[in-house]
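Numbering (my numbering), first residue to last: 447 to 622.
Glycine is no exception: its CB is placed at the ideal position from the N, C-alpha and C atoms.
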Ligand code: S3P
């Protein structure tokens with residue numbers, strides 16, 4: 447049996463509100479991996495909140511931090527990594543994501559996302575000027591990017607633990 451530090455990583459992508467953090471924690475517990483949230487990692491490194499980074503330096507700057515954070519994890523093993531919803535946007539992030547491990551897209555219906563996101567507190571792109579229309583347009587634009595993942599799992603109808611079990615059922619035979 448190998449220690450968690452030798453296990454293959456599992457990477458979760460999906461729109462804001464898809465449940466990457468909750469499902470990620472459940473999947474980490476289930477598979478004996480450690481959980482890492484890329485946004486939380488960025489916040490710790492930068493010493494300020496995502497909202498503050500967006501407000502003071504803008505989205506492009508945040509995207510650079512995101513790519514740097516991802517690249518800095520290249521030699522890590524044994525993680526379930528939850529990424530921010532926009533990680534799929536920059537082309538250069540894809541080889542980094544794929545070299546970390548299998549990439550799982552948590553797919554969620556727009557109505558569910560809308561409910562979960564509420565007023566978008568703490569998420570600059572979920573409460574930008576144009577209200578839900580703007581958020582829905584962002585989702586629409588990103589769908590083909592999320593579809594590049596290795597595996598797609600629906601999150602609408604099941605609790606996080608069940609989503610985690612479903613991911614693991616499909617991955618167990620292909621990852622160690
Ligand atoms: C973003 C999603 C957020 C966070 C930032 C930008 C996005 O993460 O990275 O606010 O562009 O979709 P969550 O998906 O964890 O909310």
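Check your understanding: Are the beta-carbon atoms belonging to residue 453 and residue 547 less than 7 angstroms from one another?
Key -> Against the chain shown, residue 453 aligns to sequence position 7. Against the chain shown, residue 547 aligns to sequence position 101. For residue 453 and residue 547, no; Cβs fall outside 7 angstroms.
Point to revise | Simplified DSSP state of residue 456, which is helix, strand or coil | key: In the chain shown, counting from the first residue as 1, residue 456 sits at position 10. In the structure shown, residue 456 sits in a strand (DSSP, three-state: E or B).
Exercise for review: Tell me the start and end of each unbroken alpha helix (DSSP H) in the stretch 468-510 that is at least 4 residues and wholly inside, in chain order.
Suggested key: If only complete runs of 4 or more residues are kept, the stretch 468-510 shows the alpha helix (DSSP H) at 484-492, 496-503, in order along the chain.
Practice item. Determine the contact status of residue 460 and residue 552, defining contact as a CB-CB distance below 7 angstroms. Key: For the purposes of this step, residue 460 is identified with residue 14 of the chain shown, where counting begins at 1. For the purposes of this step, residue 552 is identified with residue 106 of the chain shown, where counting begins at 1. Their beta carbons are under 7 angstroms apart, which means residue 460 touches residue 552 by this criterion.
Check your understanding: Nearest to residue 455 by alpha carbon, out of 466, 481, 467, 465?
Key -> As a working note, residue 455 is residue 9 in the chain shown. When 466, 481, 467, 465 are compared, the shortest CA-CA separation from residue 455 is found for 481.
Exercise for review: State the start and end residues of the unbroken beta strand (DSSP E) segment that holds residue 535.
Suggested key: As a working mapping, residue 535 is identified with position 89 in the chain shown. For residue 535, no beta strand (DSSP E) segment is defined, and its DSSP state is neither H nor E.
Check your understanding: Would you say the beta carbon of residue 525 comes nearer than 6 angstroms to a heavy atom of ligand 1?
Key -> The sequence position of residue 525 within the chain shown is 79, counting from 1. Checking the Cβ of residue 525 against ligand 1 gives no.
Point to revise | Length of the line joining the Cα atoms of residue 594 and residue 541 | key: Position 148 of the chain shown, counted from the first residue, corresponds to residue 594. Position 95 of the chain shown, counted from the first residue, corresponds to residue 541. Rounded to the nearest angstrom, the two C-alpha atoms are 12 angstroms apart.
Review point. Which word fits residue 464, buried or exposed, when buried means at least 16 other C-beta atoms lie within 10 angstroms of its C-beta?
Key: By 1-based counting over the chain shown, the position of residue 464 is 18. Residue 464 is buried by the Cβ-count criterion.
Review point. How would you write the range of the beta strand (DSSP E) that residue 552 sits in, first residue to last?
Key: Here residue 552 corresponds to residue number 106 of the chain shown, with the count starting at 1. Residues 547-553.
Practice item. Closer than 6 angstroms by C-beta to residue 572: which residues in its own chain qualify, once you throw out the five before and the five after it? Chain order, please. Key: Sequence index remark: in the chain shown, residue 572 carries index 126 (1-based). Cβ within range, chain order: 462, 563, 566, 581.
Check your understanding: Who are the Cβ neighbours of residue 497 in its own chain at under 7 angstroms, not counting the five residues just before and after it?
Key -> As a working note, residue 497 is residue 51 in the chain shown. Residues of the same chain with a CB within less than 7 angstroms of the CB of residue 497, apart from the 5 flanking positions on each side, are 568, 570 in chain order.
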